[in-house]
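Before any comments, here is the structure.
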Amino acid sequence: MSQTNESSQSTNRPSRDSLGLQRRPRRLRTSATMRDFVAETRLDPANLIQVLFVRHGIDQPEEIPSMPGQYQHTVSSLIDAVREARDAGVRCVDLFGIPLEEEKDAQGSEAWNPNGILNRGIAAVRKEFGDSILVMADTCLDEFTDHGHCGVLTEDKHGTVVVNNDKTVPLYVKMAVSQAKAGAHIVSPSGMMDGQVAEIRRGLDDAGYEDVSIMAYSAKYASAFFGPFRDAVGCSLQGDRKAYQQDPANRRESLLEVQLDIDEGADMVMVKPAMAYLDVVREVADFSPVPVAAYQVSGEYSMIEAAAQKGWIDRRRIVLESLTSIRRAGADMIFTYYATEVAHWLKDN
Ligand code: PBG
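All residue numbers for the sequence shown refer to full-length UniProt numbering, where the first residue is 1 and numbers rise by one.
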C-alpha cells in the first residue's frame, strides 16, 4: 500500500513535454520544507484585523451564544483583548459598540455621544496602546437605532418607509468625527449609503483629522452570513437591508461601488462577506490601486465553530485554509474573529 503512487501507474503516466521529459508537479510537494519553500501565499498576523465588541452596562465579559469564543466586552476586558492581539502581532482591531436598550433612538444618536460606549472603548484603547496597534471603529448606526436599520427612516413620496440616504450621511459624518476625536486611527463606514465616503472625508478634514484614514465597506452584500452578528450586537432589526446592501447575484456592481469609494477618497476598500464572494475579492484586488480587505463575517465563523464542535471538521486546518484562501483571492488584509488566535498559532510554528 505504501508503494501506491497514483501518478506513476503505467496506465496513467504523467504527460511529457516537448522534450519528452515528464512533468511531475508532485516534485514540489515532496516534503513540508519543499512545500513551505514554494508556497505563494502566507498568513501573517500583521494583516489580520481582530474584530471586538464592547458593551455598555455589563461588569463581566459575556460570551456570544451564536459565536462561541467571542465576547461582548467591558471596557476593561476590551483592553485585555487588545493587549493580547497586539502582543501576538496583530496590527489592527475593529471595534463595535453595544449601547443599553434605552440608549437607542430613531437616529442612533448615542453613536456620536463622546461618552457613548463605542467612543469610550476607542478612547480607552488609544490611551492604553497609543500607536502600537491601530484602532478602527465601525461607523454605522444599526447598533444604535431602535429600529436596527443602518440609517434614518423616512416615508418616500408613495408612503413606503425607506432608509433615507441623504438624511443618514450627515449622521455618519458626526459619528466619524466623534470617533476620530476619541482616538480612532481608521473609521470604517459600513452602512452602504451612496456618497458616504466623500462626506466623511470632508467632515474629518474640516475637523482637523486629515490623518485619520477611511476603510470603506465598498462591496457589502445583503447577506444571511451576518446572522450571528445581529445576536452579537443585540441589533433590533426587523426585515432586511436589501434596499441598501448589494444583491448577492451581482458582480459588476461591486466594481462600481469600489471605484466610487476610491474616487471619493477611500484609503482602503473592503469586500464582505469573504468566502462566498472570493470571485469579487479577486476582481477588486486586480484593479484596486488601494489596499483591499475582506471580512470573514460572523456566519463564516459560526459555521466553522458549529461543525468543529460536532467533530465534523478539523477546526484549526479549516480556519487556516479559509484565511489562506481569502489571501490567495487577493485580499491584503482580513477582518476575522480568529485574528488573535491565528496569530498565536503562527508564532508557535
Ligand atoms: C453593520 C454591520 C454588520 C456587520 C458589520 N457591520 C451587519 C449588517 O450589515 O447587518 C456584520 C459583521 C459580521 O457578520 O461579522 N454595521
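Note that the Cβ used here is the ideal one computed from N, Cα and C, for glycine as well.
>> Just verifying my parser: in three-state terms, what is the DSSP assignment at Gln50?
In response: strand
>> Buried or exposed, going by whether 16 or more other CB atoms sit within 10 Å of the CB of Pro228?
In response: buried
>> So, with DSSP's three-state summary, where would you put Met1?
In response: Here the model assigns Met1 a pLDDT of 43, short of 50, so the residue's position is not dependable, and the following value carries that caveat. It is coil, neither helix nor strand.
> Rounded to the nearest angstrom, how far is the Cβ of His56 from that of Glu103, given a contact under 8 Å?
Replying inline: 7 Å
>> For a test of the three-state rule: what should DSSP assign to Phe144, helix, strand or coil?
In response: coil
> What is the DSSP secondary structure of Tyr295, reduced to helix, strand or coil?
Replying inline: strand
> Is it buried or exposed for Phe144, if we count other Cβ within 10 angstroms and need 16 for buried?
Replying inline: buried
> Taking the alpha carbon of Ile318 as the point to measure from, which residue in Arg328, Glu305, Gly330 has its own alpha carbon closest?
Replying inline: Glu305
> Would the region 291-301 and the region 238-254 be scored as touching if the rule is three or more Cβ pairs under 8 Å?
Replying inline: no
>> Alpha carbons only, please: which of Ala124, Ala331, Leu95, Ser288 is nearest the one belonging to Thr41?
In response: Ala331
> Does the ligand PBG have even one heavy atom less than 7 Å from the beta-carbon of Phe144?
Replying inline: no
> Would the beta-carbon of Thr74 fall within 8 Å of that of Pro65?
Replying inline: no
>> Could you give the first and the last residue of the continuous beta strand (DSSP E) run that contains Gly97?
In response: 92-98
> My guess is that Met215 and Ser188 are in contact by the Cβ rule of under 8 Å, so how many angstroms apart are they, rounded?
Replying inline: 4 Å
>> Could you check whether the Cβ of Asp138 sits closer than 7 Å to any heavy atom belonging to the ligand PBG?
In response: yes
> Any chance the CB of Val162 is under 7 Å from a heavy atom of the ligand PBG?
Replying inline: no
> When burial is assigned at 16 or more other CB atoms within 10 Å of the CB, is Arg202 buried or exposed?
Replying inline: exposed
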